[in-house]
Amino acid sequence: MKKILIIGASGHAKVVIDIVEKQGEYQIFGLIDSYKQKGGKIYDYTILGTEETIPEISNTEDIYGCIIAIGDNFTRKKLYKKISELHANIHFVSAIHPNAVIGKNVTIGDGTVVMAGTIINSDTIIGKHCILNTKCSIDHDMYLGDFSSIAPGVTIGGNVEVNKCSAISLGAKIIENVKIGNNTVVGAGALVLKSFGDNEIVYGSPAKSIRSRTESDSYLGLIETNELVPEYSLNYVSISTENDIENYNSLIQEFREFNMFYSIEYCNHSLSKKLNYFLFKKNDDPYILLPFFLNEINSPLVDSRTKYFDVSTPYGFSGPLINKRTTNTDIKYFWEYVDNWYKSNNVVTEFIRFHLNNNHSGYSGKLIPTLSNVHGKLTDFNELWFNFKPKVRNNYRKAISNKLRSEISFEVITAEILEIFYDIYIKTMFRNEASQNYFLSYNYFENLVWNHKNKIALILIYQGKTAISTELLIINDGTMYSYLGGTLSEYFNLRPNDFLKIEMIKWGLKNNLKYYSLGGGRTENDTLYQYKKTFFPKDEDIMFYTGRKIVNHQMYYLLCKDFNLDYKELENILIDPKIYFPLYNNKLKDKTPG
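Note that numbering that gives the first Met the number 0 numbers the sequence shown so that position 135 is 134, with each residue one more than the last.
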């Protein structure tokens with residue numbers, strides 16, 4: 000018999016186990032439950048772990064499918080979605096008691112449980128993941144939507160329609176030709192003589208709508224759910240000591256995705272700036288982390304007796320690092336807590352550079368679509384080669400004819416290689432007259448490379464013995480991200496840049512990486528962006544968002560008064576990605592020597 004898992008380990012699961020054993024079609028391998036201790040048993044079946052363990056168990060034990068043995072309709076629906084995302088190929092099987100009476104031409108969906116004594120008459124359609132409880136009776140041509148439940152002793156007439164996630168409670172009776180909407184609860188003993196819509200609580204004889212319901216109601220709609228009201232907290236930490244660094248490095252390990260971009264070595268570009276972070280907790284568990292710089296505002300317009308600040312996140316991909324369990328509601332509260340902290344600590348403005356992983360969702364300030372980032376999928380090289388723009392292929396051929404070669408260092412990057420990279424990088428920054436924040440120190444790269452050996456790849460392009468082009472890439476979550484590099488201008492005609500990109504694509508394919516993120520231009524749709532797009536012309540870009548927020552409007556307008564702009568003009572400037580934010584720093588920088 001095929002092996003299956005029972006999802007749930009409470010009273011309803013006991014009934015399902017009994018049905019499966021009597022049905023004799025499947026072998027129960029074990030139970031899955033998020034709230035019961037692993038290793039515990041029900042009817043000699045062991046609790047193997049939580050739903051997160053299903054893919055591993057399925058792969059190692061040749062599990063065919065599962066049944067979600069959870070009585071609550073909404074919980075069952077959420078578990079179905081979660082399990083489907085964790086294990087796309089798992090089957091959801093039905094459990095039908097041998098003593099159930101199933102009429103002619105009845106359809107029963109996957110994952111549905113039909114208990115002893117149930118009667119389902121002809122031409123009835125039962126949806127997926129439904130529960131038909133003991134001795135319920137359903138007449139002909141009835142429709143029961145997915146994730147709905149029929150309690151013991153319920154009687155339903157012909158041509159009745161009960162839609163998704165609705166619950167018909169103990170002993171209720173529904174006459175023929177009645178329609179019940181989605182997410183509606185019919186109370187115990189109710190006599191339903193007319194149709195009801197979505198999200199209603201229906202009681203009485205004859206039944207009347209008592210109130211509306213939400214997903215926070217239990218499936219019977221009689222009591223509040225047992226879920227605790229979450230307790231939120233926001234901790235502010237300024238990293239000052241070695242112990243602070245150790246605590247931070249330990250903390251980001253709890254956020255497994257994209258955490259390379261939140262490392263101390265990546266974030267701390269300037270040794271003169273102190274890195275701070277917010278840690279947002281839900282029920283004392285870390286949910287969101289936000290590293291940032293708290294910059295004191297030095298201006299003759301500010302009263303020296305009070306310190307004011309602006310907040311900015313580190314250069315590159317940043318913004319909040321979000322735990323997978325975090326909901327939209329959690330994010331909403333996070334930003335509320337952050338904004339309240341700002342108001343209490345004299346923060347005037349906030350500027351955030353978000354990641355490409357959708358962590359801008361729910362932001363409480365002005366969200367600015369800033370730059371399109373070229374993000375290419377690494378597929379078969381022949382397919383990629385065909386998709387390159389003709390100019391790219393021609394330039395690569397020219398680079399080959401010019402006898403260019405590549406050296407890619409990964410996991411072992413020597414001081415000599417790093418020094419060559421840095422020399423080309425700095426010369427490129429000077430040639431491009433880059434702003435000061437792009438001139439990162441050698442120590443910065445040294446710390447980054449040597450503390451993250453398995454996350455950094457460094458490519459050098461040579462002609463003969465001369466290194467002429469270079470790039471440092473960050474490897475994280477199956478993607479290689481172009482970070483910083485450069486090319487010696489006297490070698491442009493040899494086409495080292497095209498050669499470098501294609502050599503990195505080959506390396507990425509060899510190392511089973513999934514994507515190559517080339518970044519965007521200096522401004523939206525400029526020539527640099529157009530050049531990068533020639534490598535992945537058919538792939539969809541990912542928008543890089545920045546966030547701008549004025550926390551203290553009165554102080555912001557005071558700091559900007561030398562620009563002679565009214566409130567409306569200042570607000571319009573706020574959403575223009577081409578204008579530096581906060582605006583007052585443009586003026587302050589002009590007054591700063593050098």
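Ideal Cβ placement from N, Cα and C applies to all residues, glycine included.
Bridge pairing for G144: absent [DSSP]. With a cutoff of 8 Å on beta-carbon distance, K134 and T123 are scored as not near each other. The region 541-555 and the region 361-381 touch, with no fewer than 3 CB-CB distances between them shorter than 8 Å. In the structure shown, C559 adopts coil according to DSSP, grouped into three states. Taking the C-beta atoms as reference points, I149 is found nearer than 8 Å to I167. Membership of F333 in the alpha helix (DSSP H) is indicated by the continuous run N327 to S343.
Taking the C-beta atoms as reference points, I5 is found nearer than 8 Å to I66. Under DSSP, S317 takes part in a beta bridge, and its partners are F353.
As the crow flies, the alpha-carbon of Y530 is around 9 Å from that of D497.
Look at F195 here: in three-state DSSP terms it is strand. K331 has its alpha-carbon roughly 10 Å from the corresponding atom of S360. Per DSSP, Q22 is one residue of the alpha helix (DSSP H) stretching across G10 to Q22. Of all C-beta pairs linking the region 475-487 to the region 514-525, three or more are shorter than 8 Å, placing the two stretches in contact. Between the alpha carbons of W384 and N358 lies a distance of about 32 Å.
Listed as beta-bridge partners of K207 by DSSP are Y202. F498 carries a helical assignment under DSSP once its states are collapsed to helix, strand and coil. Assigned with DSSP and collapsed to three states, Y63 falls in strand. Take the alpha-carbon of I18 and the one of P97: they are about 8 Å apart.
Per the Cβ contact rule, the region 256-268 is not in contact with the region 413-428 (fewer than 3 Cβ pairs under 8 Å). For M479, the enclosing beta strand (DSSP E) has its first and last residue at T478 to T486. In this structure, L355 is the residue among E382, G364 and L355 with its C-alpha nearest to the C-alpha of L370. Here the C-alpha atom of N88 lies approximately 14 Å from the C-alpha atom of T59.
CA-to-CA, the gap between A12 and M141 works out to about 26 Å.
Leaving aside the five residues that flank R352 on each side, the residues in its chain whose CB is nearer than 6 Å to its CB run, in chain order, T312, S317 and T545.
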